[in-house]
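Under the numbering used here, the letters of the sequence shown match residues 12 to 300, in that order. Where is the CB? At the ideal position from N, CA and C, for every residue including glycine.
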Amino acid sequence: MYLPDFDYYAPDSVAEACSLLAEHGPKAKILAGGTDLLHKMKHGELAPEVVVSLNNLNALKEIRYEQGRGLIIGARATQNDLATSPVIQEKYRSISEAAHHMANNQIRHIGTVGGNIVNAVPSADLPPILMALGALIQLVGPTGKRTMLLEEFFLGVHQTRIQGDEILTEIIIPEQGFTGSTYIRFGLRRSGALAVASTAVSVTMDGEICRGLRIALGAAAPVPMRARAAEAVLLNRKITDELLEEAGVQAAQESRPRNSIRGSEEYRRDLIRVLTRRALKKAITEGHV
Ligand SMILES: Cc1cc2nc3c(=O)[nH]c(=O)nc-3n(C[C@H](O)[C@H](O)[C@H](O)COP(=O)(O)OP(=O)(O)OC[C@H]3O[C@@H](n4cnc5c(N)ncnc54)[C@H](O)[C@@H]3O)c2cc1C
């Protein structure tokens, strides 16, 4: 379980980091918190010859609100930063809650939101709630920056649209007038267990009528996914408990979960039905929880 040899760089700017990645190509890997990367290197699953640490890029740790732009979360913010940030707690407590309930205390202190996204595993906790809130991500490379919807970033397990010389620098949640949002996960233990299934929702209610919503599912397909058919059940309708159950059933139907040691496909589908119904109810009745 020793790390293989590698050259280590800790650049002082994003531009310098990108040129190191461009120079070394597929031989280089970015290191953020290292909770995934170093684990894979120790187990022989990855052996990069060059490791480019983001450790000196302190601007990427910032979490702030910009009028007109929304909530900006630096990619190096740790799960603990998300859980305790006053601005996140004020705007979208649901993000803080998601971060607070994932992994364990040690991991939350070093694991970053950028690593959680780029690692691209179906059970990752942060992508569903960020997708439900309509998050955009900013990628910076040697030739400039580009922005895309987070929900368009994922291609498959460990596969994303990021180029080898690009860095995920920030996550942006534009203001969209949601009245509520929440994230609910089910793990086999209360702490330190990956999600067997999870549901994140955002809603915009006008009295009893749902005028806008997003439902995002985790561990429900090879990539974090929107449950669009379930969303269509509720849009512009007066919300009742029966309709919430129907949306849960629809989310379960459109999901594509896998059989694994943590749960069968059938079990996960049933979890998705129940979690979706509960998450919707919570966000509609309690706001940003
Ligand atoms: C014991 C344990 C429990 C865990 N529990 C959970 C859990 O409950 N829920 C959950 O979602 N995850 C969990 N994880 C997984 C992991 O902790 C998270 O995915 C974490 O957020 C990864 O972030 P990191 O900064 O450590 O990433 P790293 O390991 O540093 O990087 C992960 C990958 O992303 C790339 N990368 C990192 N940052 C960037 C960036 N800014 N731009 C471009 N590429 C980048 C790296 O090159 C690497 O390929 C757990 C891990 C462990 C070891």
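{"Query": "Is the closest heavy atom of ligand 2 to the C-beta of residue 72 under 8 Å?", "Result": "No copy of ligand 2 appears in this structure; the ligands present are ligand 1."}
{"Query": "My guess is that residue 85 and residue 77 are in contact by the Cβ rule of under 8 Å, so how many angstroms apart are they, rounded?", "Result": "About 13 Å separates the two Cβ atoms, so there is no contact after all."}
{"Query": "I'd like to check one pair, residue 43 with residue 175: are the Cβ atoms closer than 9 Å?", "Result": "no"}
{"Query": "Which parts of the region 24–50 are runs of the alpha helix (DSSP H), unbroken and 4 residues or longer, counting only runs that do not cross its ends?", "Result": "25–35"}
{"Query": "Who are the Cβ neighbours of residue 280 in its own chain at under 7 Å, not counting the five residues just before and after it?", "Result": "263, 266, 268"}
{"Query": "Output the distance between the C-alpha atoms of residue 82 and residue 141, rounded to the nearest integer angstrom.", "Result": "11 Å"}
{"Query": "Can you give the Cα-Cα distance for residue 29 and residue 39, rounded to whole angstroms?", "Result": "11 Å"}
{"Query": "If we count the other Cβ atoms within 10 Å of its Cβ and call it buried at 16 or more, is residue 136 buried or exposed?", "Result": "buried"}
{"Query": "Residues in the same chain with beta-carbon distance under 6 Å from residue 19, minus the five sequence neighbours each way, listed in chain order, please.", "Result": "62"}
{"Query": "Look at the alpha carbon of residue 52 and the alpha carbon of residue 177, and state the distance between them as a whole number of angstroms.", "Result": "21 Å"}
{"Query": "From residue 213 to residue 224, what distance separates their C-alpha atoms?", "Result": "5 Å"}
{"Query": "Does chain B have any CB closer than 9 Å to the CB of residue 273?", "Result": "Among the chains in the structure shown there is no chain B, since it carries only a single protein chain."}
{"Query": "Which residues in the same chain have their Cβ closer than 6 Å to the Cβ of residue 127, if we skip the five residues on either side of it in sequence?", "Result": "135, 137"}
{"Query": "Between the region 240–249 and the region 201–221, can you find at least three pairs of beta-carbon atoms closer than 8 Å?", "Result": "yes"}
{"Query": "Counting only the same chain and skipping the five closest in sequence on each side, list residues whose C-beta sits under 6 Å from that of residue 290.", "Result": "193, 195, 210, 212"}
{"Query": "Between 189, 255, 235, which lies nearest to residue 102 when the distance is taken from Cα to Cα?", "Result": "189"}
{"Query": "Less than 9 Å between the beta carbons of residue 238 and residue 228, yes or no?", "Result": "yes"}
{"Query": "Between which residues of its own chain and residue 187 is the CB-CB distance below 6 Å, once the five residues before and five after are set aside?", "Result": "145"}
{"Query": "Bridge partners of residue 170, per DSSP?", "Result": "167"}
{"Query": "Taking 8 Å as the cut-off, is the beta-carbon of residue 87 closer than that to any non-hydrogen atom of ligand 1?", "Result": "yes"}
{"Query": "Looking at the secondary structure, which residues open and close the alpha helix (DSSP H) in which residue 176 lies?", "Result": "That residue, residue 176, is in no alpha helix (DSSP H); it is neither H nor E in DSSP."}
{"Query": "Does the Cβ of residue 90 lie closer than 8 Å to at least one heavy atom of ligand 1?", "Result": "yes"}
{"Query": "Going by alpha carbons, who is nearest to residue 131 out of 166, 122, 97, 110?", "Result": "166"}
{"Query": "State yes or no: is the C-beta of residue 43 nearer than 8 Å to some heavy atom of ligand 1?", "Result": "yes"}
{"Query": "Since residue 278 sits in a beta bridge, which residues does DSSP pair it with?", "Result": "Its beta-bridge partners do not exist; DSSP assigns none."}
{"Query": "Under the three-state reduction of DSSP, which class applies to residue 109: helix, strand or coil?", "Result": "helix"}
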